[in-house]
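Take a look at the structure below.
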Amino acid sequence: MRISPSTKRLLIGILGGLSLLLLVAFAVFQWKRQQLLTYALGEVKAKIERKYPVILTLGPARFAGFKTVEIAGMSLVPRATPTDTLLIARRLQAGLSVRSLFAGRPVFSDLEIMTARLTARKTATSDNYGFLVKKSKTSTAPRDTTKGTNYGLLLNQLLETSFDNVPGEAFFRDFLVSYVSPRHTALLRLPELKIEDGDIKGRLTANIDSVTNELGISGHIEPGDYALTARVFGVGSSVQLPYVPRRFGALVSFDTVLVRLDSKDFEEDDTGGKLTMRGSVAARNFSLYHPKLAGDEIEVKRGSLDFITTLGRGTVALEKGSQVTVNKLVLFPEINVRMKPNWAVSINVASAETPANDFFASLPTGIFDEVLGTRGTGTLTYRMSASLDMANVDSLKFDSGLKGKDFRITSFGEENLNKLNTAFRYTAYNDKGDSVRSFTVGPPNPDFVPYNEVSPYLIHSITTAEDPRFFTHKGFMEKAFVKSAIQNIKEHRFARGGSTLSMQLVKNVFLTRQKTVARKAEEALIVWLLENTHLVSKQRMFEVYLNIIEWGPSKYRWPSGKRGVYGVKDAALFYYGKRPNELNLAESLYLASIIPKPKYARYSFDAYGDLRRSTRYFFRLIAEIMATRGLITSNDRENLPYSLSLNGPARQYMHFSARPDTTRTTSAADSSQFEPLNLIDLLNTGAAPDAGVNAGAPEVDPAKVPK
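Structural data, given as structure tokens:
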């Protein structure tokens with residue numbers, strides 16, 4: 005069908021008119037949309053400035069697409085410090101529902117922030133970010149500073165502020181976060197971080213207190229439920245934990261850590277509130293180093309903590325239901341800590357019944373290195389409970405134990421514990437860790453002295469002073485340990501040891517002289533293995549002990565060339581020029597008195613070679629206990645001399661002065677005038693006050709002991 009020219013002109017006119025109308029309508033739409041956008045952003049600005057004491061400045065905004073809005077910059081400045089900008093961004097981009105815009109309720113999504121800088125600062129008197137933390141409105145209780153900080157309230161405010169401000173979807177690119185305070189600095193560089201449907205993914209470089217880490221982050225967040233799962237891992241290397249080196253002098257690192265917060269519950273009360281959180285923390289290739297914990301890094305390949313924790317005013321607790329997993333070893337801890345008005349702690353830990361091989365395979369390296377690789381049959385179960393209130397240190401309680409069920413060692417690990425039953429090579433070290441002398445402990449060594457060739461006086465003097473229940477206990481004396489710990493806490497130093505003879509033997513034969521928590525832990529485990537698996541008899545343990553302990557100055561050199569005074573044969577010769585089986589009661593008591601500090605043996609005497617009063621009192625007290633236990637006769641006790649003749653090289657080595665031309669009294673009658681001493685001081689015998697190898701003050705024990 006042919007269209008006439010007039011019809012064509014009419015159609016063209018109609019189409020042109022419609023196009024013009026559409027163009028006008030589109031222009032009106034664009035104008036109105038831009039007008040509504042400007043209005044909406046003004047509402048956003050007003051809402052934020054009503055909620056927070058800040059000034060929000062937004063740059064020119066335009067539609068970069070049908071639903072995409074672009075804002076040319078923004079800044080956020082606290083009103084209290086208008087020159088101290090908290091946040092600035094060069095460009096922002098977001099999705100905007102046109103329908104919601106025209107309905108007067110604009111809905112933004114897909115937020116993108118490019119080239120942003122968040123700068124937090126704190127001085128001794130102010131900061132530019134504190135307004136972000138919500139303050140409690142319901143609690144009207146006056147602050148009681150004697151009960152300490154409410155950690156639950158503070159953490160709850162932080163969690164709510166963080167979760168409530170997490171956008172549903174966001175993309176951060178070239179985001180720099182910095183924090184500066186008088187004590188700490190932090191700089192976080194985020195090349196990119198994306199949040200989409202709650203999923204989190206990104207990477208960052210963190211420099212906190214001069215500790216730098218390259219990190220990857222992934223996880224999921226549900227802001228409304230206060231739930232989070234986050235995986236943090238090192239990129240190219242392990243992650244070193246910041247703050248800990250400066251605060252505690254320790255190094256903590258890991259390859260990957262997985263943090264999960266399942267829920268939080270905050271309950272208001274008269275103290276300001278209590279926060280309960282449930283979640284978990286898991287780490288792979290976790291490493292911890294502190295010189296007081298261990299000489300080497302403590303490492304755990306896989307470890308986790310499933311926690312139920314409560315925080316309140318001055319209190320933190322790990323509640324029942326929490327679980328710690330170390331490789332294959334599962335522990336159930338309950339810990340309560342109170343900071344104010346005085347520090348107090350209570351701990352209860354129990355392990356699951358664990359197959360022996362799993363138990364040894366799970367032990368952290370750096371603590372139990374000598375027993376790593378040990379294998380056995382049966383199961384092992386551990387338990388420990390302790391409590392301490394610093395307002396009453398004497399209330400300290402401690403109980404610990406390892407229980408075996410059908411347990412038997414089938415093979416040893418790094419160290420063969422059975423070597424105590426055979427002749428073995430022993431190396432003595434000084435306090436600096438330098439090797440002083442090596443010798444064989446056993447019959448091949450002519451200096452070795454069998455148990456039955458040692459004076460009974462010496463055997464009974466040592467056990468009475470050092471470990472009165474050695475022949476009957478299973479390696480530990482908890483009461484002595486607690487007494488020692490109480491004194492050490494009161495004096496803020498290692499003033500008194502708490503080791504049994506078994507523990508002293510293990511320390512000397514298998515371990516180092518390091519005073520670390522790790523060494524004590526491994527010492528306790530080896531002692532338990534020796535004492536509870538019948539590997540070594542008590543008599544053999546004491547025999548080895550007598551032949552290796554240091555009994556005099558390590559710098560002394562014998563005519564044969566050997567150095568130091570090690571073992572009972574050296575001691576008898578060095579001090580008295582005798583054989584060990586010839587020692588009398590007084591000579592034995594003196595040797596027992598200097599075991600804690602043999603290097604200070606000369607301080608048991610005055611300048612003229614006479615025993616000091618404290619040493620003579622030690623003689624009298626230990627002899628009294630020995631007589632009570634039937635280890636010596638009443639005649640031995642009554643005729644005990646309170647003087648000592650050094651007929652060996654010791655007298656010349658100690659350089660005593662010539663006796664002045666006056667009468668000096670050293671009789672037993674003189675000792676009766678001595679001022680009473682506290683039993684825990686006796687083992688120092690006038691020497692330096694660090695008695696490192698005692699099981700505690702001697703106790704009267706009528707139990708029969710081999711004579």
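Heads up, the sequence shown is in my numbering, so the first residue is 5 and it goes up one at a time. Glycine residues also receive a C-beta, built at the ideal position from the N, C-alpha and C atoms.
Where residue i falls, given that 16 or more other Cβ within 10 Å makes a residue buried
{"i": "S671", "result": "Residue placement at S671 is poorly supported in this model, since its pLDDT is 36, which falls under 50; the coordinates still yield a value, given next. Classification for S671: exposed."}
{"i": "T87", "result": "exposed"}
{"i": "Y570", "result": "buried"}
{"i": "S326", "result": "buried"}
{"i": "K511", "result": "buried"}
{"i": "D471", "result": "buried"}
{"i": "N562", "result": "The displayed chain sequence assigns Trp, not Asn, to residue 562. That one is exposed."}
{"i": "F290", "result": "buried"}
{"i": "V548", "result": "buried"}
{"i": "H538", "result": "exposed"}
{"i": "V184", "result": "exposed"}
{"i": "D373", "result": "buried"}
{"i": "G277", "result": "buried"}
{"i": "A432", "result": "buried"}
{"i": "Q508", "result": "buried"}
{"i": "T129", "result": "exposed"}
Residue range of the unbroken alpha helix (DSSP H) whose run includes residue i
{"i": "F623", "result": "R617 to T632"}
{"i": "Q749", "result": "Nothing can be reported for residue 749: it is not among the residues displayed for the chain, which extend from 5 to 711."}
{"i": "S439", "result": "Unbroken run through S439 is the beta strand (DSSP E), S439 to V445; no alpha helix (DSSP H)."}
{"i": "M4", "result": "Since the displayed the chain opens at 5 and closes at 711, residue 4 lies outside it and no answer follows."}
{"i": "S404", "result": "Premise fails: S404 lies in the beta strand (DSSP E), N396 to S415, not in any alpha helix (DSSP H)."}
{"i": "S488", "result": "E482 to E495"}
{"i": "S465", "result": "P460 to E470"}
Residue i, enclosing beta strand (DSSP E) - first and last residue
{"i": "F363", "result": "Segment A360 to S366 is the alpha helix (DSSP H) holding F363; no beta strand (DSSP E) there."}
{"i": "Y579", "result": "It is not in any beta strand (DSSP E) - Y579 instead sits in the alpha helix (DSSP H) that spans V572 to Y580."}
{"i": "Y433", "result": "F428 to Y433"}
{"i": "A321", "result": "T319 to L322"}
{"i": "V453", "result": "From DSSP, V453 is part of no beta strand (DSSP E); its letter is neither H nor E."}
Alpha carbon of residue i to alpha carbon of residue j, nearest angstrom
{"i": "E164", "j": "Y230", "result": "8 Å"}
{"i": "T476", "j": "T504", "result": "12 Å"}
{"i": "V81", "j": "L194", "result": "22 Å"}
{"i": "L406", "j": "I490", "result": "23 Å"}
{"i": "M388", "j": "S459", "result": "40 Å"}
{"i": "F622", "j": "L515", "result": "30 Å"}
{"i": "V73", "j": "R54", "result": "24 Å"}
{"i": "D269", "j": "F474", "result": "52 Å"}
{"i": "G253", "j": "H294", "result": "7 Å"}
{"i": "S182", "j": "N132", "result": "12 Å"}
{"i": "K423", "j": "E338", "result": "39 Å"}
{"i": "E357", "j": "D451", "result": "46 Å"}
{"i": "L180", "j": "Y155", "result": "29 Å"}
{"i": "T61", "j": "R250", "result": "39 Å"}
{"i": "A692", "j": "S488", "result": "Residue confidence is low: A692 scores 31 on pLDDT, short of 50, so the model does not pin down where it sits. No coordinate-derived value is stated."}
{"i": "V248", "j": "A469", "result": "42 Å"}
{"i": "D114", "j": "L208", "result": "21 Å"}
{"i": "F258", "j": "R288", "result": "6 Å"}
{"i": "V453", "j": "A286", "result": "53 Å"}
Nearest neighbour of residue i, chosen from the options [CA to CA]
{"i": "D403", "options": "K409, E200, A390 and D410", "result": "A390"}
{"i": "N346", "options": "E303, A395 and A365", "result": "A395"}
{"i": "R66", "options": "K51, A44, K49 and G479", "result": "A44"}
{"i": "F70", "options": "K423, G99 and T123", "result": "G99"}
{"i": "Y239", "options": "I225, I598, A210 and G228", "result": "Contrary to the premise, residue 239 reads as Val rather than Tyr in this sequence. Cα-wise, what sits closest to V239 is A210."}
{"i": "S350", "options": "L376, N449, V320 and K126", "result": "V320"}
{"i": "G318", "options": "G299, V330 and M343", "result": "M343"}
{"i": "A528", "options": "A360, S506, D410 and V513", "result": "S506"}
{"i": "Y612", "options": "D398, V486, D410 and Q656", "result": "Q656"}
{"i": "K478", "options": "N425, W532 and D373", "result": "W532"}
{"i": "I204", "options": "Y607, S355 and H224", "result": "H224"}
{"i": "N352", "options": "S439, L392 and D438", "result": "L392"}
{"i": "E526", "options": "E642, T414 and E419", "result": "E419"}
{"i": "Y646", "options": "T619, N639 and F443", "result": "T619"}
{"i": "R94", "options": "R83, A84, M118 and T85", "result": "M118"}
{"i": "Y386", "options": "V513, V375, G408 and D435", "result": "G408"}
{"i": "N217", "options": "A190, E196 and K198", "result": "A190"}
Proximity test, Cβ basis, 8 Å: residue i and chain D
{"i": "S79", "result": "No chain D is present in this structure, which holds just one protein chain."}
Proximity test, residue i beta-carbon vs the ligand MG heavy atom, cut-off 7 Å
{"i": "Y43", "result": "The ligand MG is not part of the structure shown, which contains no ligands of any sort."}
Every unbroken beta strand (DSSP E) inside the region 149-218 [3 residues or more]
Fully enclosed beta strand (DSSP E) runs of 3 or longer: 174-184, 189-200 and 203-212.
Hey, which unbroken runs of the alpha helix (DSSP H) at 4 residues or more fall wholly within the region 338-393?
Those alpha helix (DSSP H) runs which fall completely within the region 338-393 and span 4+ residues are 360-366.
3 or more residues per run - each beta strand (DSSP E) lying fully within the region 214-295
Fully enclosed beta strand (DSSP E) runs of 3 or longer: 215-226, 231-238, 255-258, 260-271 and 278-293.
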